[in-house]
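Contents: one structure, followed by commentary.
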Amino acid sequence: MLMNQLMLRTAAHCGRWTAVNQTIRTNSDMAEFREIFSKARHIAVITGAGDLATPECFSRHPSRVWEFYHYRRELSLNAQPSPAHRAIAECEARLSRQGRSLVVITQNIDELHQRAGSRHVLEVHGNLFQTRCLSCKDVEINHKSPICPSLEGKGSPDPDAPDALIPVKDLPRCDEKGCDGLLRPHVIWFGETLDSQILTKVEKELETCDLCLVVGTSSVVYPAAMFGPQVASRGVPVAEFNTKMTVNTPRFKFHFPGRCAVTLPAALARHESEII
Ligand SMILES: [Zn+2]
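Under full-length UniProt numbering, the letters of the sequence shown match residues 1 to 276, in that order.
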């Protein structure tokens with residue numbers, strides 16, 4: 001009995017030591033990161049935060065949800081990619097000329113990575129500029145501004161604001177012949193499962209990358225929150241770029257605090273060993 005208790009206590013103690021050691025190993029040594037970066041062949045960059053709308057919310061308040069997404073579409077259409085978006089896109093273009101690769105695995109739905117020039121983007125939470133018909137399931141690309149006349153000038157950043165009370169018949173509708181079903185944003189909402197084809201591609205990238213960057217994610221929305229730790233568990237260096245520490249920080253080799261618009265361009269700039 002005593003021996004069992006001792007073993008349990010030892011096990012608990014070892015667990016703490018492991019955690020402490022992992023914390024100590026996390027560092028902010030940009031020179032060491034740059035050395036690893038210069039040799040990496042397949043870089044995976046994980047970006048973005050999760051979306052917190054729900055399908056139940058949409059079925060109860062479709063006009064409020066559409067008002068909110070219309071607002072986000074207009075914001076995104078008027079936004080410019082940040083220096084962080086541009087640094088990632090420029091790095092991808094440069095590395096591809098050297099026979100190396102960079103893939104963006106993003107929870108963002110705003111297309112700013114693509115607008116910055118990123119080519120290889122896996123959108124795990126869908127896309128603000130795609131719609132899906134609730135009746136015929138047709139998925140369409142849609143950049144109209146506004147997406148329908150009734151939403152013109154509407155929009156609120158506050159999802160708890162009073163309902164816009166737009167009749168459902170005046171919300172975005174399917175234009176497939178004879179359908180006229182209600183459209184919804186083709187994004188993944190809280191509680192919905194991720195697209196299995198996208199997930200398969202993501203898994204392949206996580207298994208083959210030799211350097212991983214986790215950029216500006218709060219590491220709380222699953223399963224995306226586990227992508228970085230999954231790579232780290234293979235012994236591959238993972239670097240977190242975030243203003244704050246996250247629950248996953250102790251699992252990663254690097255943590256670079258500060259704004260990604262500042263830290264990322266420095267991290268992904270041309271290395272002296274790159275000749276093209
Ligand atoms: Zn339809």
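Even glycine gets a Cβ: it sits at the ideal position worked out from N, Cα and C. Here the structure is a predicted model, which is why all the values come from computation and not from measurement.
Contact under 7 Å by Cβ, residue i with residue j
| i | j | result |
| --- | --- | --- |
| residue 237 | residue 46 | no |
| residue 242 | residue 228 | no |
| residue 135 | residue 77 | no |
| residue 97 | residue 276 | yes |
| residue 316 | residue 231 | Because the chain in this structure spans residues 1 to 276, residue 316 falls outside the shown range and cannot be described. |
| residue 129 | residue 142 | yes |
| residue 188 | residue 70 | no |
| residue 63 | residue 271 | no |
| residue 91 | residue 268 | yes |
Residue closest to residue i, alpha-carbon to alpha-carbon, out of the options
| i | options | result |
| --- | --- | --- |
| residue 150 | 56, 30, 172, 252 | 172 |
| residue 88 | 227, 137, 44 | 44 |
| residue 127 | 136, 134, 140 | 140 |
| residue 100 | 135, 58, 42, 251 | 42 |
| residue 224 | 271, 60, 67, 124 | 124 |
| residue 34 | 245, 250, 239 | 239 |
| residue 25 | 272, 253, 264 | 253 |
| residue 81 | 65, 117, 180 | 117 |
| residue 246 | 217, 270, 180 | 217 |
| residue 177 | 263, 113, 133, 79 | 133 |
| residue 209 | 234, 55, 165, 189 | 234 |
| residue 131 | 196, 267, 73, 264 | 73 |
| residue 206 | 102, 68, 185 | 102 |
| residue 251 | 226, 190, 263, 31 | 226 |
| residue 138 | 179, 168, 169, 90 | 179 |
| residue 68 | 199, 184, 203 | 184 |
| residue 186 | 165, 221, 114, 110 | 110 |
| residue 168 | 196, 61, 201 | 61 |
| residue 166 | 174, 175, 155 | 155 |
Opening and closing residue of the alpha helix (DSSP H) in which residue i lies
| i | result |
| --- | --- |
| residue 78 | 62 to 78 |
| residue 196 | 196 to 208 |
| residue 38 | 30 to 39 |
| residue 268 | 260 to 268 |
| residue 113 | 112 to 116 |
| residue 25 | 2 to 25 |
CB-CB length for residue i against residue j, believed under 8 Å
| i | j | result |
| --- | --- | --- |
| residue 84 | residue 214 | Residue 84 to residue 214, Cβ: 13 Å. No contact. |
| residue 153 | residue 106 | So it is not a contact: roughly 30 Å between Cβ atoms. |
| residue 28 | residue 257 | 7 Å |
| residue 104 | residue 122 | 7 Å |
| residue 65 | residue 79 | The Cβ separation is near 21 Å, so there is no contact. |
| residue 279 | residue 274 | A question about residue 279 goes unanswered here, because the residues of the chain that appear run from 1 up to 276. |
| residue 55 | residue 192 | 6 Å |
Endpoints, the beta strand (DSSP E) within which residue i is located
| i | result |
| --- | --- |
| residue 96 | Note, residue 96: premise wrong, no beta strand (DSSP E); alpha helix (DSSP H) at 83 to 97. |
| residue 182 | That residue, residue 182, is in no beta strand (DSSP E); it is neither H nor E in DSSP. |
| residue 126 | 126 to 133 |
| residue 257 | 254 to 257 |
| residue 241 | 238 to 242 |
| residue 225 | First-last for residue 225: undefined, no H or E at that position. |
| residue 212 | 211 to 215 |
| residue 123 | 121 to 123 |
| residue 44 | 42 to 47 |
| residue 102 | 101 to 106 |
| residue 275 | No beta strand (DSSP E) holds residue 275; DSSP gives it neither H nor E. |
| residue 140 | 139 to 141 |
Chain C contact for residue i (CB, 7 Å cutoff)
| i | result |
| --- | --- |
| residue 83 | In the structure shown, chain C cannot be found, because there is only a single protein chain. |
Ligand 3 heavy atom lying under 6 Å from the CB of residue i
| i | result |
| --- | --- |
| residue 274 | Questions concerning ligand 3 fall outside what the structure shown contains, since the ligands it does hold are ligand 1. |
Q. Which residues have a Cβ closer than 7 Å to any heavy atom of ligand 1, listed in chain order?
A. 133, 135, 136, 138, 174, 176, 179, 181
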